[in-house]
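Read through the structure below, which is laid out as structure tokens, and then see the notes.
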Amino acid sequence: MNDQPAVIPQSPPRRTVLAAALAAVVVPLSGCAGSAGEAASAASRERVTPPASEPSSASPEGPAPEPSARDLPAPDAAVPKDPERLADALTRTVGRLRDAIDDWRRTGDPAKGEAPEPVVLLSLYEQRVYRYLARNPAVASRTYGKLPKDVAARARDNVTAIRDLLSLAHPVSGPIKIKVRPAEPADALLAAFRRAERRFGVEWEVLAAVMLVETKFGRVRSPSYVGAKGPMQFMPDTWKAYGMGGDIDDTGDALLAAANYLHASGAPGDYRRALYAYNHSQAYVDAVLLHARQMKRDIRNYYAYYTWQVYVITPKGERRLTGP
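Everything in the sequence shown is counted per our numbering, starting at 1 for the first residue and increasing by one.
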């Protein structure tokens, strides 16, 4: 486990919180699962301005930053501001990412080890495009119409989810040490999601979306500043009620507990009610369901989300803690 210190702004607990390891836009939101919405992980605060270390634009006259078929995007490859060029870069990135995921599942072994470099770099570029569009709604609205229908639907859901989570972000103050570590293998997590689904009837895609938002599939291991712990960010008292005697830091136990809690709160009959109990925020509920919808549409979206990286906000701007 690596300790990645970052100073992040901090605010008092709120009913509608946000925490995030910052995954998809964020943000893994922390301090959920029965925390009465008073959880807001310091690790998950987002800011609306792109970091200076990650260029968010390229000269309109220059070539699109998306590489040729032989190359992969650099971790800090520029994101175009022009909607037409941005749509072209995103369309090609999505297509190449799908192919890379297919290759990984066919010739690699997602049950062991980390994702291959093409998946990691293409997924990171796509994630950064969505983060940019979430912070620039006018550009986003002009870009959607230039995308193929399926890519536009994917972009709308992801950008909206990220924007929803950003709307919950508030600055916090004081030094905070954020612990991050590699996620467990993608197919090992998938098996754990499906095991929890079989036991409690909560769709695995919903569980995966919650884990994505909360801790970026377990990459963030720090407790929230109000005490929520583990890969699914449980408050200790809620864990006592729904943890079934398991280990709050164990991924399999935490997923079973989350499914148990969501089922007791209304899932699968009423996911909105159940997710609102998990985190008292309609924006959080909307974001989780949008990510879950994408995974239901195409399982490759799960593997893309799996490789999304952890971001935090420091006094000097947005910073990526994981990935290349």
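Glycine included, every Cβ here is placed at the ideal spot set by N, Cα and C.
Write down the C-beta distance between residue i and residue j rounded to the nearest angstrom, noting that I regard them as a contact closer than 8 angstroms.
i: P83; j: T143; result: 4 angstroms
i: A196; j: V202; result: 7 angstroms
i: V310; j: V180; result: 6 angstroms
i: M235; j: L255; result: The Cβ separation is near 17 angstroms, so there is no contact.
i: Y271; j: L290; result: That belief does not hold up - the Cβ atoms of Y271 and L290 are roughly 12 angstroms apart, past 8 angstroms.
i: V220; j: I178; result: 7 angstroms
i: A188; j: A78; result: Not quite, the Cβ-Cβ distance comes to about 35 angstroms (not below 8 angstroms), so this is no contact.
Is the separation between the beta-carbon of residue i and that of residue j shorter than 8 angstroms?
i: L124; j: P268; result: no
i: G176; j: Y303; result: Note that residue 176 is Ile in the sequence shown, not Gly. The answer is no: Cβ separation not under 8 angstroms.
i: A257; j: G266; result: no
i: V119; j: L90; result: no
i: L147; j: A134; result: no
i: A192; j: G252; result: yes
Considering residue i, what are the terminal residues of the alpha helix (DSSP H) in which it resides?
i: P236; result: P236 to Y242
i: K149; result: K149 to L166
i: Q294; result: Q282 to R297
i: T143; result: P137 to Y144
i: I248; result: Here I248 belongs to no alpha helix (DSSP H), and DSSP marks it neither H nor E.
i: T107; result: P83 to T107
i: E197; result: A186 to F200
i: W204; result: W204 to T215
i: Y225; result: Segment: none, Y225 is in no alpha helix (DSSP H) and carries neither H nor E.
i: R272; result: Y271 to Y278
i: A304; result: R300 to Y306
Quick one: Cα of residue i to Cα of residue j, how far?
i: D250; j: A228; result: 14 angstroms
i: P223; j: P80; result: 36 angstroms
i: Q282; j: E117; result: 36 angstroms
i: V312; j: L121; result: 19 angstroms
i: K316; j: K240; result: 39 angstroms
i: A186; j: E114; result: 8 angstroms
i: V159; j: R96; result: 20 angstroms
i: A36; j: R98; result: Model confidence at A36 stands at a pLDDT of 37, short of 50, so the residue's coordinates are unreliable; what they give is reported in the following sentence. If you take the alpha carbons of A36 and R98, they lie about 39 angstroms apart.
i: A169; j: Y284; result: 11 angstroms
i: R320; j: D76; result: 11 angstroms
i: T215; j: N279; result: 14 angstroms
i: M211; j: I248; result: 14 angstroms
i: W104; j: S167; result: 35 angstroms
i: E318; j: D71; result: 26 angstroms
i: D109; j: R198; result: 24 angstroms
i: D88; j: G230; result: 39 angstroms
If we cut at 8 angstroms on Cβ distances, does residue i have a partner in chain D?
i: R273; result: Absent here is chain D; the protein component of the structure consists of one chain.
Return the chain-ordered list of same chain residues with a C-beta closer than 6 angstroms to the C-beta of residue i, the five sequence neighbours on each side being excluded.
i: Q127; result: W308
i: A292; result: E205, V206 and A209
i: A277; result: S265
Which residues in the same chain have their Cβ closer than 7 angstroms to the Cβ of residue i, if we skip the five residues on either side of it in sequence?
i: F200; result: A259, N260 and H263
i: A287; result: A161, D164, L165 and V213
i: T322; result: V180, R219, Q309 and V310
i: R194; result: W204
i: A69; result: In this predicted model, A69 has a pLDDT of only 45, less than 50, meaning its place in the structure is not dependable; the value taken from the coordinates is given anyway. Counting only Cβ-Cβ distances below 7 angstroms, and skipping sequence neighbours, we find nothing.
i: D157; result: L290, R293 and Q294
i: N136; result: none
For residue i, report the span of its beta strand (DSSP E) as first-last.
i: K177; result: P175 to V180
Just to confirm my understanding: we take residue i, look at its own chain, exclude 5 residues before and 5 after, and list those with CB closer than 8 angstroms. What are they?
i: M295; result: E205, A208, A209, N301, Y302 and Y305
i: T93; result: E66, P73, L122, Y125, E126 and V129
Is residue i near the ligand MG, judged by its Cβ being under 7 angstroms from some heavy atom?
i: D253; result: Questions concerning the ligand MG fall outside what the structure shown contains, since it holds no ligand whatsoever.
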